[in-house]
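As you go down the protein sequences, you meet chains A and B in turn. Here the numbering used here is used: the first residue of the first sequence is 301, the next is one more, and so on. Here the numbering used here is used: the first residue of the second sequence is 55, the next is one more, and so on. All C-beta atoms, glycine included, are put in the ideal place defined by N, C-alpha and C. Predicted model, so just to flag it, every value in this text is computed and none were measured. Working notes, beginning with the structure itself.
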Amino acid sequence: MAIELHPLEQFTIERVLPVRLHGLDVSYTNAALAMTAIVALIAALTIFGTRRAALVPGRVQSLAELSYEFVADMLQSTVGPQGLPFFPFIFSLFMFILFANLLGLIPYSFTVTGQIIVTFALAIVVFIGVTIVGFVKHGLHFLRFFVPEGVPALLLVILVPIEVLSYCIRPFTLSIRLFANMLAGHTMLGIFAGFAALIGALAIFPVAIDVMLLALELLVAVLQAYVFAILSCLYLNDAIHMH
Amino acid sequence: MPQLDVSTYLPQLFWLAVSFIVLYVLMSTIALPRIAAAIEARRRRREEDLDRAAQLRRDAEALVAAYESARAAAREQAQATLRATGERLAAAAAERQRQLTAVLAERTGAAERDIAAAKARALAEIRTVAADVAADLAARLTGAPPDPQTVTSAVDRVAAERAL
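If you want it as structure tokens, here you go:
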């Protein structure tokens, strides 16, 4: 097994199975493999684990119901009953990011959410989706979202561009927050792991640090999935209720 | 930084779209309805159990109330029976007493009559005996038997004088 000396090497995309579609490169990569594993694991938890829905749930069913009620409560408390149609999306989003973060913590695995293009794609889907929901629900009145109430007309000249900017910057903050957390954590783990590979018997110390960092990263993995999901809920709430 | 290699973006986006759409379809059509059904079934079952418990409790309370009223009725009836029986027994005892008193009075009367008859008989016999003794005494004293008619009248006179 190759030892990673460079801490950023772990983010390298490798084409496992070259695929071309209409002349476009859509190769099955190590990232795609990780995504397949994520979907398979979530399906195993929520579909295989509940195939015999018991009145008194077993471990896997409990976990599935726990995730369901966690996301349902999150959506209910931020958006309310109108958020219900978006529950499958928010649930899929939360579980996808959570499993991507957690699977990435397994040594030699690939961290999907450590790729800026992936987190940005997820964030832009949320952004565009939320904007469409806002316009469908309120029509052109949704534009009033950018006009704060009870503010003198003169100030609006300054405030409206700020509101528009802060709205449009959302996909960037949302995606970079998740990406940067994953990047920083895994780079730290990679640095100490690479260090351990260099110093022979003394490797016990950087490995011990890695073990402690792994505990911290476990927290970050869950927390960032939660942050991404709840911010998506809050954006959805803005679009549905407009403040 | 490998993340900035633009040539990797298209394959990543393609497989992200494929896997996320597959995930969304699996969740929205199979997983989430199934989990929701399990949670709902449990909630319904719990409510049914609570309802049944409340129903059983109401039944039990009704039963207790019925038992209490039945007990009170039975007690009242028992007391009434006791009272009636007491009165009946008292009446019977009084009747028996009366009959007994009557019988005793009758027997006492009969006995008194018998005693009176016996006394009269005895008195009559005493006079005969007294007349015989007087006649005997007079015969011994005078040597000649007196006239029985005289003796009897003399005895009668003495008996009347002494109120015998």
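Euclidean distance between Cα positions of residue i and residue j
i: residue 76 of chain B; j: residue 339 of chain A; result: 8 Å
i: residue 524 of chain A; j: residue 108 of chain B; result: 46 Å
i: residue 216 of chain B; j: residue 190 of chain B; result: 22 Å
i: residue 429 of chain A; j: residue 535 of chain A; result: 10 Å
i: residue 423 of chain A; j: residue 527 of chain A; result: 12 Å
i: residue 181 of chain B; j: residue 174 of chain B; result: 11 Å
i: residue 541 of chain A; j: residue 367 of chain A; result: 26 Å
i: residue 401 of chain A; j: residue 320 of chain A; result: 29 Å
i: residue 100 of chain B; j: residue 324 of chain A; result: 56 Å
i: residue 493 of chain A; j: residue 507 of chain A; result: 7 Å
i: residue 517 of chain A; j: residue 452 of chain A; result: 47 Å
i: residue 64 of chain B; j: residue 79 of chain B; result: 22 Å
i: residue 364 of chain A; j: residue 376 of chain A; result: 18 Å
i: residue 228 of chain B; j: residue 463 of chain A; result: The structure shown does not extend to residue 228 of chain B, since chain B is modelled only from 55 to 218, so the question has no answer here.
i: residue 318 of chain A; j: residue 391 of chain A; result: 31 Å
i: residue 454 of chain A; j: residue 461 of chain A; result: 13 Å
i: residue 5 of chain B; j: residue 372 of chain A; result: Beyond the ends of chain B as shown, which are 55 and 218, falls residue 5 of chain B; an answer cannot be given.
i: residue 136 of chain B; j: residue 149 of chain B; result: 20 Å
i: residue 450 of chain A; j: residue 482 of chain A; result: 41 Å
i: residue 312 of chain A; j: residue 489 of chain A; result: 16 Å
i: residue 431 of chain A; j: residue 92 of chain B; result: 34 Å
i: residue 157 of chain B; j: residue 151 of chain B; result: 10 Å
i: residue 505 of chain A; j: residue 61 of chain B; result: 38 Å
i: residue 111 of chain B; j: residue 121 of chain B; result: 15 Å
i: residue 477 of chain A; j: residue 90 of chain B; result: 32 Å
i: residue 87 of chain B; j: residue 342 of chain A; result: 15 Å
With 16 other Cβ atoms within 10 Å as the buried cut-off, status of residue i
i: residue 533 of chain A; result: buried
i: residue 388 of chain A; result: buried
i: residue 130 of chain B; result: exposed
i: residue 162 of chain B; result: exposed
i: residue 441 of chain A; result: exposed
i: residue 301 of chain A; result: Legend: pLDDT at residue 301 of chain A = 40, less than 50; position of this residue unreliable, no value from coordinates given.
i: residue 306 of chain A; result: exposed
i: residue 335 of chain A; result: buried
i: residue 73 of chain B; result: buried
i: residue 486 of chain A; result: buried
i: residue 511 of chain A; result: exposed
i: residue 329 of chain A; result: buried
i: residue 199 of chain B; result: exposed
i: residue 443 of chain A; result: exposed
i: residue 358 of chain A; result: exposed
i: residue 185 of chain B; result: buried
i: residue 447 of chain A; result: exposed
i: residue 519 of chain A; result: exposed
i: residue 169 of chain B; result: exposed
i: residue 203 of chain B; result: exposed
i: residue 361 of chain A; result: buried
i: residue 395 of chain A; result: buried
i: residue 427 of chain A; result: buried
i: residue 383 of chain A; result: buried
Per-residue contacts from residue i into chain B (C-beta, under 8 Å)
i: residue 312 of chain A; result: 56
i: residue 350 of chain A; result: 85, 88, 89 and 92
i: residue 501 of chain A; result: By Cβ distance, chain B contributes nothing, its closest Cβ being about 31 Å from residue 501 of chain A, past 8 Å.
i: residue 347 of chain A; result: 80, 84, 85 and 88
i: residue 364 of chain A; result: 85 and 89
i: residue 368 of chain A; result: 86, 89, 90 and 93
Cross-chain neighbours of residue i in chain A, by beta carbon under 8 Å
i: residue 99 of chain B; result: 355
i: residue 59 of chain B; result: 313
Partners in chain B for residue i, counting only beta-carbon separations shorter than 9 Å
i: residue 344 of chain A; result: By Cβ distance, chain B contributes nothing, its closest Cβ being about 10 Å from residue 344 of chain A, past 9 Å.
Within chain B, the residues that residue i reaches when beta carbons sit closer than 7 Å
i: residue 270 of chain A; result: Nothing can be reported for residue 270 of chain A: it is not among the residues displayed for chain A, which extend from 301 to 543.
i: residue 308 of chain A; result: 55 and 56
i: residue 421 of chain A; result: 67 and 70
Closer than 6 Å: residue i CB and nearest the ligand SAH heavy atom
i: residue 373 of chain A; result: No copy of the ligand SAH appears in this structure; indeed no ligand is present at all.
Chain E contact for residue i (CB, 7 Å cutoff)
i: residue 401 of chain A; result: The chain inventory of the structure shown lacks chain E, comprising the protein chains A and B.
Inset, instruction - Name, going along the chain, the residues of the stretch 75-96 of chain B whose beta-carbon falls closer than 8 Å to a beta-carbon of chain A. - result: 76, 77, 78, 80, 81, 82, 84, 85, 86, 88, 89, 90, 91, 92, 93, 95 and 96
Inset, instruction - Check each residue of the stretch 61-76 of chain B: if its Cβ is closer than 9 Å to any Cβ of chain A, include it; give the result in chain order. - result: If the cut-off is 9 Å between Cβ atoms, the stretch 61-76 of chain B has 61, 62, 63, 64, 65, 66, 67, 68, 69, 70, 71, 72, 73, 74 and 76 near chain A.
Legend entry - Residues in the stretch 106-132 of chain B having any Cβ partner in chain A nearer than 8 Å: Sequence-ordered contacts of the stretch 106-132 of chain B with chain A are nonexistent [C-beta pairs closer than 8 Å].
Legend entry - Continuous beta strand (DSSP E) assignments of at least 3 residues falling wholly in the stretch 75-142 of chain B: none
Inset, instruction - Pull out every residue of the stretch 325-338 of chain A whose Cβ sits closer than 8 Å to any Cβ of chain B, in chain order. - result: 325, 326, 327, 328, 329, 331, 332, 335, 336 and 338
Inset, instruction - Could you pull out every unbroken beta strand (DSSP E) segment of at least 3 residues lying fully inside the stretch 486-525 of chain A, listed in chain order? - result: As far as the stretch 486-525 of chain A is concerned, it has no whole beta strand (DSSP E) run of at least 3 residues.
Inset, instruction - Determine which residues of the stretch 381-396 of chain A have a Cβ less than 9 Å from any Cβ of chain B, and write them out in chain order. - result: 387, 388, 389, 391, 392, 393, 395 and 396
Inset, instruction - Any chance you could list the alpha helix (DSSP H) runs of at least 4 consecutive residues sitting entirely within the stretch 322-399 of chain A, in chain order? - result: 330-346 and 359-378, all fully within the stretch 322-399 of chain A.
Inset, instruction - Kindly provide the ranges of any alpha helix (DSSP H) runs that are 4 or more residues long and lie completely inside the stretch 399-470 of chain A, ordered along the chain. - result: 416-438 and 453-468
Inset, instruction - Counting only runs of 4+ residues fully inside the stretch 143-169 of chain B, write out the alpha helix (DSSP H) ranges in chain order. - result: none
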